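Numbering (this note's numbering), first residue to last: 13 to 180. For each residue, glycine too, the CB sits at the ideal point set by N, CA and C. Note that the structure is a prediction, hence the values are computed from the model and not measured.
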């Protein structure tokens, strides 16, 4: 599998990947997350146009995982990374994170950040294995605080959340 930039005609595929990836949340008692809709096409298009959207593709060049990122407080922030469950546990999420890290290093960006569920096995524990560390409240930047406030307004604080950082 390889990683490349997202093409305009693949944006609906990103939504399909996220919907499929979200279904596993139903199995752990988080049906609201499973039912949450992916970003609208216009939002995904903006990430693509900014050069901050990548896909992992199969041998037929069909997207099976994706990552979108944004600039937050001088770092690159992982907005979403999703892997279709039919292609999980093959290192695709890690490959996407490594592509983002390479882009960050090439642009002189010092770190990657993200927010995630603290107790979901394929969330915070996974990101620790990928080199991220949890941030305490005092280490949160203004942009991360704003993201957390939006997440709380969206109801995500029903489950423990954590901000994480990977220094590059």
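Residue i - containing beta strand (DSSP E), residue span
i	result
residue 179	173 to 179
Span of the alpha helix (DSSP H), counted from its first residue to its last, around residue i
i	result
residue 29	23 to 34
residue 16	Taken as a continuous stretch (DSSP letters only), residue 16 belongs to no alpha helix (DSSP H), being part of the beta strand (DSSP E) at 14 to 17.
residue 151	Here residue 151 belongs to no alpha helix (DSSP H), and DSSP marks it neither H nor E.
residue 118	104 to 118
Residue i, buried or exposed, once every other Cβ within 10 Å from all chains shown has been counted against 16
i	result
residue 14	exposed
residue 68	buried
residue 53	exposed
residue 165	exposed
residue 35	exposed
residue 77	buried
residue 43	exposed
residue 172	exposed
Candidates the options, of which the one nearest residue i by Cα
i	options	result
residue 55	113, 27 and 17	27
residue 141	114, 176 and 112	176
residue 178	31, 29 and 114	114
residue 144	62, 40 and 125	125
residue 17	71, 108 and 47	108
residue 33	173, 161, 97 and 172	97
residue 191	58, 99 and 57	The structure shown does not extend to residue 191, since the chain spans only 13 to 180, so no value can be given for it.
residue 21	90, 72, 60 and 39	60
residue 82	112, 103 and 40	112
residue 46	58, 30 and 57	30
residue 149	174, 170 and 40	174
residue 40	72, 131, 146 and 139	131
Mind the definition here: the stretch 154 to 162 touches the stretch 71 to 90 only if three or more C-beta pairs lie below 8 angstroms; say whether that holds.
-> yes
Are there three or more Cβ pairs, one per stretch, closer than 8 angstroms when the stretch 112 to 123 is compared with the stretch 132 to 139?
-> no
Whole alpha helix (DSSP H) elements within the stretch 25 to 87, 4-residue minimum = 43 to 47 and 53 to 61
Within the stretch 125 to 149, ranges of the alpha helix (DSSP H) (whole runs, at least 4 residues) | 136 to 141
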